[in-house]
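Visitor: Residue numbers are given in my numbering: position 15 of the sequence shown equals residue 12, and the series is strictly consecutive.
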Amino acid sequence: MQLLISSLSTINYILFKSHDMNPGLLIYETSLKRDWAITLLTLLIMLTPGSLVLRVSPDGSRFFIHAIDVSEKDKAVLTKQIKKYERLIWEVLK
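#1: Within its chain, find whatever has a CB closer than 6 angstroms to the CB of L1; leave out the 5 residues flanking it on each side and keep chain order.
#2: Can you look up V50 in the DSSP assignment and give me helix, strand or coil?
#3: Look up F13 in the DSSP assignment and give the residues it is bridged to.
#4: Could you spell out where the alpha helix (DSSP H) holding R84 opens and where it closes?
#5: Along the chain, where does the beta strand (DSSP E) containing L23 start, and where does it finish?
#6: Run through DSSP, which three-state label would D56 get?
#7: Hey, does W33 have any beta-carbon neighbour from chain B nearer than 7 angstroms?
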C-alpha cells in the first residue's frame, strides 16, 4: 500500500508541480552498523515519495539520496522521515 501511495504521490508531483521541482542530491549520515539495518533503511527511504538511494558508502555510514525536490522545506521533511525510520530500526535492534 505504501508503495502505491508513494508512486501516486510522485506522479502527481511530476505532472502538476514540475515547475516547482528542485531535484538534487542529499547526503544522510547514519549510525546504523548492521548490514540488514542499513539495507532496511535503504528500502524505507526508497518508499518515501520522490526519493531514491543512489549509493551507500562502503562503510554504510552515508546514504547518497536523489530527491525530486531539495528545497529547504522538502529537505527537512525528507530528513525528518528518514530519522523516524532510523529510530524505528534502532527500536528493533534493542
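For every residue, glycine included, the Cβ atom is placed at its ideal position computed from N, Cα and C. No experiment lies behind these values; they were computed from the predicted model shown.
Guide: If we stick to the structure as given:
#1: Here residue 1 corresponds to residue number 4 of the sequence shown, with the count starting at 1. Contacts found: none.
#2: As a working mapping, residue 50 is identified with position 53 in the sequence shown. Note: V50 maps to strand in three-state DSSP.
#3: Position 16 of the sequence shown holds residue 13. Partner(s): none; F13 has no beta bridge.
#4: The residue labelled residue 84 in the question sits at position 87 within the sequence shown. That run of the alpha helix (DSSP H) goes 69 to 90.
#5: One-based indexing of the sequence shown puts residue 23 at position 26. Element bounds for L23: 21 to 26.
#6: In the sequence shown, counting from the first residue as 1, residue 56 sits at position 59. In this structure, D56 counts as coil in the three-state DSSP scheme.
#7: The displayed structure is made up of one protein chain only, and chain B is not part of it.
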